[in-house]
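Number of protein chains: 2
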Amino acid sequence: MLLQDVLKELRKAGIRLTPQRQEVLQALFDGLQGDCQPQSAEEILQVVRKRYPGVSPDTIYRTLATFQKLGLVREVNFRDGCRRFELVLQGGHHHHLVCLRCGRSRELPFCPADCLVRVQEYCPDFEIEDHAFTVFGYCPKCREENRNVFRETVEI
Amino acid sequence: MLLQDVLKELRKAGIRLTPQRQEVLQALFDGLQGDCQPQSAEEILQVVRKRYPGVSPDTIYRTLATFQKLGLVREVNFRDGCRRFELVLQGGHHHHLVCLRCGRSRELPFCPADCLVRVQEYCPDFEIEDHAFTVFGYCPKCREENRNVFRETVEI
DNA sequence: TCCTAGATAGGAAATATTCCTAGTTCCGTT
DNA sequence: AACGGAACTAGGAATATTTCCTATCTAGGA
Numbered sequence: 001m002l003l004q005d006v007l008k009e010l011r012k013a014g015i016r017l018t019p020q021r022q023e024v025l026q027a028l029f030d031g032l033q034g035d036c037q038p039q040s041a042e043e044i045l046q047v048v049r050k051r052y053p054g055v056s057p058d059t060i061y062r063t064l065a066t067f068q069k070l071g072l073v074r075e076v077n078f079r080d081g082c083r084r085f086e087l088v089l090q091g092g093h094h095h096h097l098v099c100l101r102c103g104r105s106r107e108l109p110f111c112p113a114d115c116l117v118r119v120q121e122y123c124p125d126f127e128i129e130d131h132a133f134t135v136f137g138y139c140p141k142c143r144e145e146n147r148n149v150f151r152e153t154v155e156i
Numbered sequence: 157m158l159l160q161d162v163l164k165e166l167r168k169a170g171i172r173l174t175p176q177r178q179e180v181l182q183a184l185f186d187g188l189q190g191d192c193q194p195q196s197a198e199e200i201l202q203v204v205r206k207r208y209p210g211v212s213p214d215t216i217y218r219t220l221a222t223f224q225k226l227g228l229v230r231e232v233n234f235r236d237g238c239r240r241f242e243l244v245l246q247g248g249h250h251h252h253l254v255c256l257r258c259g260r261s262r263e264l265p266f267c268p269a270d271c272l273v274r275v276q277e278y279c280p281d282f283e284i285e286d287h288a289f290t291v292f293g294y295c296p297k298c299r300e301e302n303r304n305v306f307r308e309t310v311e312i
């Protein structure tokens, strides 16, 4: 699904497409491409300000909340006390592998679907909406750098 | 594992056990019992202030960060923009079922262990430290209340 | 083109988190 | 039991994050 299709769907759903909202979408879309890096509100604000310098943080937060309600945007948390947001595209369901040192994430194509089934059996009256599976640890690059830090510490 | 054992282990690890820290531990421990409700820094602050009215937010955050580094405390996020913390006890590994309306959580005894294995195969050089599996949706109570809200909305 | 419900900017307010420093205290050693 | 010092705390201030308020503006349907 391309960004243009998302815009069409939004218009169809009666959501007004202001230039600011389109820029937020574009920023989220770019964040998803290639690297899969969900973005903080502040990061999105900076991207949108490149084209609309006067845009306010409030607009970013309002837009993200609107898109979240539509199921177009999802909030993800990497345990660094920072909320991040990412676009939800059809067929793009995935989870995250997160480095606790550099904070970068990688897309995981695995989904604990069987667990979800067991959860639904465990709580039949609970209406499941969504789920998150996140793996934390240290990426190869940071492991290497950590080793250096350790060496330095020992040598001093 | 009881709180006393945790205190012993901490002392053994060379961590100073001030009264404030013990109260933080107690608050986290109480939050884990029965209901499995991870707590925000503010909630923990209020609990600790019952016994030590002068305790500062900074102390709570510092203590939580210290315990987190030791692997004794884990940060969890329920997508309401609020960081929560819970005690990590041996043999107490679990995940969360979270209501998006009332914010309350329930312990899930299932763990996507097979997914973890696949992740490790997918990224052999990544050092896995921890993982989180969280299911979001609406609890039976809130589903009932939502139905009422819906009725009211329609009737008006 | 006009109309208006809904969106925005900008500033202020509320909330959450961290920094700084002087003073205090836990705890190993004596 | 008292001591010494590294580690810890309180309190206030600073910073970061998120939301609120309101006058103004605009996207998109009629």
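From first to last, the protein sequence lines are chains A and B. The first sequence runs contiguously to residue 156 in our numbering. The second sequence runs contiguously to residue 312 in our numbering. All C-beta atoms in this analysis are idealised placements derived from N, C-alpha and C, irrespective of residue type, glycine included.
So which of A/Cys99, A/Asp80, A/Cys139, A/Thr66 has the shortest CA-CA distance to A/Val24? A/Thr66
Minimum Cβ-Cβ distance from A/Phe133 to chain B less than 8 Å: yes
Output yes if chain A places a C-beta closer than 8 Å to the C-beta of B/Glu308; else output no. Caution is warranted here: a pLDDT of 45 is assigned to B/Glu308, below 50, making its placement in the model unreliable, and the coordinate value is therefore given only provisionally. Answer no: the Cβ-Cβ gap between B/Glu308 and chain A never drops below 8 Å.
Could you name the residues of the segment 96–109 of chain A whose beta carbon sits closer than 9 Å to any beta carbon of chain B, in the order they occur along the chain? Leu97, Cys99, Leu100, Arg106, Leu108, Pro109
So, helix, strand or coil for A/Val6, using DSSP? helix
Whole-angstrom C-beta distance between B/His252 and B/Glu263, which should lie under 8 Å: 7 Å
Would you give the residue range spanned by the alpha helix (DSSP H) that A/Phe67 belongs to? 57–69
When DSSP labels each residue in this structure, what does B/Ala197 get in the three-state scheme? helix
Could you give the residue range of the beta strand (DSSP E) that holds A/Leu108? 105–108
Taking the alpha carbon of A/Asp58 as the reference point, which residue from A/Asp5, A/Val117, A/Leu45 has its own alpha carbon closest? A/Leu45
Between B/Phe282 and chain A, is the shortest Cβ-Cβ distance under 8 Å, so that the two count as touching? yes
Own chain residues within Cβ distance below 6 Å of B/Cys295, not counting five before or after: Cys255
Give a yes or no on whether 8 Å exceeds the smallest Cβ distance from A/Cys36 to chain B. no
Using a C-beta to C-beta distance shorter than 8 Å, which residues of chain A count as neighbours of B/Gly227? Those within 8 Å of B/Gly227 in chain A number zero; the least Cβ separation is about 12 Å.
Under 8 Å between beta-carbons, which chain B residues line up against A/Gly137? List them in chain order, please. Phe282, Glu283, Ile284, Glu285, Asp286
Got a sec: which bits of the segment 232–250 of chain B sit with their beta carbon under 7 Å from any beta carbon on chain A, in order along the chain? Asn233, Arg235, Gly237, Arg239
Backbone secondary structure at B/Arg205 - three-state DSSP: helix
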